[in-house]
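Per the working numbering: the sequence shown = residues 295 to 404. Cβ coordinates follow ideal geometry from the N, Cα and C atoms, glycine included.
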Amino acid sequence: MTMMFELSKSSDGQFRFVLKADNGETVLTSELYQSKASAENGIASVKSNANNDARYERQVSANGKPYFNLKAANGQVIGSSRLYEVETSREAVIASTQRHAAQAEVKDLT
């Protein structure tokens, strides 16, 4: 599996990125950033933290669906996953992210 970051600009002029799997599924979505450079720094942070299992915060939503947050060394959330039906799906995506995110290319849609 390969992954790709898509860097985009929102309608209000802020920037965000998503990490996508080769099947087009969104793996991780960032917060909104004021500048493109900050969003690019967020991508670099994902690449440097993705292989560290301790950086994954495994959560369950209010409706009982598992998801995860990827955190930087300072504890700040870099990005959040979508909701999964079962924990095994969440764990499979985390494992894939650990293997492939660091090599993911960036597609600049801005």
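Next item on the list: Look at the Cβ atom of Thr323, then the Cβ atom of Ser375, and state whether they are nearer than 9 Å.
Entry: yes
Check: Is the distance from the Cβ of Lys359 to the Cβ of Glu379 below 9 Å?
Finding: Closer than 9 Å, so yes.
Notebook entry, point to check: Short check: CB of Ser302 to CB of Leu403, under 9 Å?
Noted result: Cβ distance < 9 Å, so Ser302 and Leu403 count as in contact.
Note to self: With distance defined between alpha-carbon atoms, name the residue in Val400, Lys401 and Ser355 nearest to Glu381.
What the structure shows: Ser355
Note to self: Could you compute how far the alpha carbon of His394 sits from the alpha carbon of Lys365?
What the structure shows: Lys365 has its alpha-carbon roughly 17 Å from the corresponding atom of His394.
Checklist line | Backbone secondary structure at Lys359 - three-state DSSP | finding: coil
Note to self: For Phe362 and Ala344, what's the separation of their Cα atoms in angstroms?
What the structure shows: 12 Å
Next item on the list: Go ahead and pull the three-state DSSP assignment for Ser302.
Entry: Strand, per DSSP.
Check: In the region 305-376, which residue ranges form an unbroken beta strand (DSSP E) of at least 3 residues, counting only runs that do not cross its ends?
Finding: The qualifying runs are 309-315, 320-324, 350-354, 360-365 and 371-374.
Note to self: As a quick exercise: from Ala315, Asn346 and Val371, pick the residue whose alpha carbon is nearest that of Gln353.
What the structure shows: Val371
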